[in-house]
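Here the structure comes first, spelled out in structure tokens, and everything after it is commentary.
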Amino acid sequence: MSLPINEQQKQLDDYKANNPQFAQWLNSLEKYSTENVSTPPTIRDAPVGVDAEGGIDWMQSYFNRNEGNTCGQAAIAALLDFNKLNPWNLQRWNQGHWDDEEVIQRIIGDGFGPNVFFGVFGTNAGQITLALQHYGLYSGFRYSPPFGSGDEQWTDVKNWVVNGHPVATLVDTGALGGNWWGAHWPIVHKVEGGQVWLANWAHGWNSPVPEDAFFNAFHCWFLPYGFNYCYAVCQPQ
């Protein structure tokens, strides 16, 4: 269960006081956000009944267990695989899917590696969108305005997912039972009955979490403007 925001803030302040390296990381991220957050492109509405070539049963989770800040590249890999694109003609292994580390390294080699503060802090939605566009998909991203409720963004995510297009979403891992004040890019591929199913999450591709818990995580309240209720969509051109 997620802690109330005021209690999280108190714990975050205490953690920063006792961990100067983490405090420096967060301050640097806030500075980066102020100087580098771009305006999201306009996202078109998800067309009703248009599914990706792969289909929802093709959704696969990707992880690079040797590197901790490549979840954005894993998200790119999962969305490319879902859409049955193979830009590098890589051999498919596990039930027709790629080797995790190999595909992530190919994406990085194409110039779409972690890019936030020289790659130290992972990948932003703009980089994910550029990569998906480069590989031939339509793609765009959004985040909430300052002090936004996130309702509009979450409604849009669900609209894309219901129409057959999984969405990369930035979440607070602590709000979903992981490490506090961590950020991660899982893929939302199903929302039904008050549950949200995630790929690229801790328990594989078919990991349901309560919708209210996911929405709290989607806030990423501790991150600066440009990273709150943030997501990237894609579909075939």
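Using the working numbering, the letters of the sequence shown correspond one by one to residues 955 to 1191. Positions of the beta carbon are idealized from the N, C-alpha and C atoms, including for glycine.
Query	Result
Pick from Asp968, Tyr1092, Asp1126, Gly1067 that is closest to Trp1114, judged by C-alpha positions	Tyr1092
Option nearest Gly1076 by Cα separation, candidates Gly1026, Cys1184, Glu1165	Gly1026
Three-pair Cβ contact test at 8 Å for the region 1138–1151 versus the region 1162–1174	yes
Under 8 Å between C-beta atoms of Leu1086 and Leu1044	no
C-alpha gap between Asp1179 and Trp1155, whole angstroms	Note on identity: in this sequence residue 1179 is Tyr, with Asp being the wrong assignment. So the two alpha carbons sit approximately 24 Å from each other.
Distance between Ala1028 and Tyr1016 (C-alpha atoms, nearest Å)	5 Å
Proximity of His1173 and Asp1126 at Cβ, strictly below 8 Å	yes
DSSP state of Tyr1089 mapped onto helix, strand, coil	coil
Candidates Val1057, Phe1176, Lys1112, of which the one nearest Gly1128 by Cα	Phe1176
Distance CB(Asn1023)-CB(Pro1068) smaller than 8 Å	yes
Reduced DSSP category for Val1057 - H, G, I as helix; E, B as strand; rest coil	helix
Residue environment, Val1070, which counts as buried when at least 16 other CB atoms sit within 10 Å	buried
Own chain, CB closer than 6 Å to Lys1112, minus 5 neighbours either side, in chain order	Val1145
Backbone secondary structure at Leu1033 - three-state DSSP	helix
Beta-carbon proximity check, Trp1052 vs Asp1035, cutoff 8 Å	yes
Contact check, Ser1098 vs Gly1104, beta carbons under 8 Å	yes
Reference Arg1060, options Pro1041, Gly1050, Cys1188, closest by Cα	Pro1041
Reduced DSSP category for Gly1063 - H, G, I as helix; E, B as strand; rest coil	helix
Other residues of its chain near Gln1189: CB distance less than 6 Å, five sequence neighbours each side excluded	Tyr1092, His1119
Alpha-carbon spacing of Phe1181 relative to Trp1139, whole angstroms	11 Å
Close beta carbons around Val1150, own chain, < 7 Å, minus the five adjacent residues each side	Val1142, Pro1162, Val1163, Glu1165, Phe1168
Element boundaries [beta strand (DSSP E), containing Val1111]	Note, Val1111: premise wrong, no beta strand (DSSP E); alpha helix (DSSP H) at 1105–1116.
Cβ pair Ala1171, Ile1082 closer than 8 Å	no
Alpha-carbon spacing of Asn1078 relative to Leu1124, whole angstroms	9 Å
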